[in-house]
Amino acid sequence: MAETAVDVIDVTKRYGYMAALKSISLCIDSGDFIALLGHNGAGKTTLLKLIATHITPSAGTVRIFGVDAFRDNGIRRKIGLVTHVSFLYNELTVRENLLFYANQFGIREEEFLNTLEFLGMDRWYNVRTMELSHGLRKRADIVRALIHDPDLILLDEPFSGLDSETCEVLVNYFDAHRGKTLIIASHSLEWVKKLCDRGIELHRGELSREFVF
Ligand code: ATP
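When the letters of the sequence shown are read in order and numbered with our numbering, they come out as residues 38 to 250.
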């Protein structure tokens, strides 16, 4: 039987009085590629940030690979998150940014050069992040999120703003990394369907349906 990668147990997340997630429970097996769907404001980003331990739940428990995500700091080593917001420093080059994040995980430069090349960012390695186009910055952000070779990859709208060639590159990259656990929040059904086995839909902070593609 597959190991459980993500176990969200009766989780509620409130921002002030507004509940962005309402008593959500879901289970994702290790190795699953999951699409997280739903209208604007449904709670997708909130759920990804909770799973990544970037925000804490108002109630409930999140277990990642069997451990309570909010009691074990080491769990972040297994998680890679790409959000709408870039974590890259504008004044630094792509290389300087990546080395900065790599150092935090004790990763050497040669260990992430493959990912850099696969995502076609080697040409832009010595360019300052502020000079990158939206799509190139997104690609650099994805390399940053994958730098420590995480087992659980969380992507919030990875395809938005990317040309179809780059979307294809991304799909091919993750296709070559079956075995990892992937959750993609996206409105681009065309692309997520190429990767994901299962869809989970949120509606106003509640799970509305689960389906197989
Ligand atoms: P989209 O498809 O537009 O990215 P989403 O499904 O990712 O939307 P969330 O960003 O998780 O939705 O937002 C869920 C709800 O929580 C929305 O009503 C949003 O306004 C609210 N919300 C999100 N972040 C905050 C915050 N930091 N403070 C207050 N409210 C927030």
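All C-beta atoms in this analysis are idealised placements derived from N, C-alpha and C, irrespective of residue type, glycine included. Note that the structure is a prediction, hence the values are computed from the model and not measured.
Asked                                                                                                                             : Found
Using the C-alpha atoms, what's the distance from L173 back to M158?                                                              : 8 Å
Where does R204 sit, in a helix, a strand or coil, going by DSSP?                                                                 : The sequence as given places Cys at residue 204; Arg does not occur at that position. C204: helix per DSSP, three-state reduction.
T203: beta carbon under 7 Å from a heavy atom of the ligand ATP?                                                                  : no
With a Cβ-Cβ cutoff of 8 Å, do R181 and N134 count as a contact?                                                                  : yes
Just checking my contact of S67 with A39 at CB under 8 Å: how many whole Å lie between their CB atoms?                            : 5 Å
For S201, does the count of other Cβ atoms within 10 angstroms reach 16, so buried, or fall short, so exposed?                    : exposed
Let me know the secondary structure DSSP gives H171 once reduced to three states.                                                 : helix
Specify, as a first and last residue, the run of the alpha helix (DSSP H) that E147 falls within.                                 : 146-155
Does the beta-carbon of T230, which I'm using as the reference point, lie nearer than 7 Å to any heavy atom of the ligand ATP?    : Note on residue identity: the sequence assigns Lys, not Thr, to residue 230. K230: no, Cβ never under 7 Å from the ligand ATP.
How is the alpha helix (DSSP H) around R132 delimited, first residue to last?                                                     : 131-141
Considering only heavy atoms of the ligand ATP, does any lie closer than 7 Å to the CB of Y138?                                   : no
Can you tell me whether Y52 sits near the ligand ATP, meaning its C-beta is under 7 Å from at least one heavy atom of the ligand? : yes
Checking the sheet assignment: what are the DSSP bridge partners for T49?                                                         : A96
Does any heavy atom of the ligand ATP sit closer than 7 Å to the C-beta of G80?                                                   : yes
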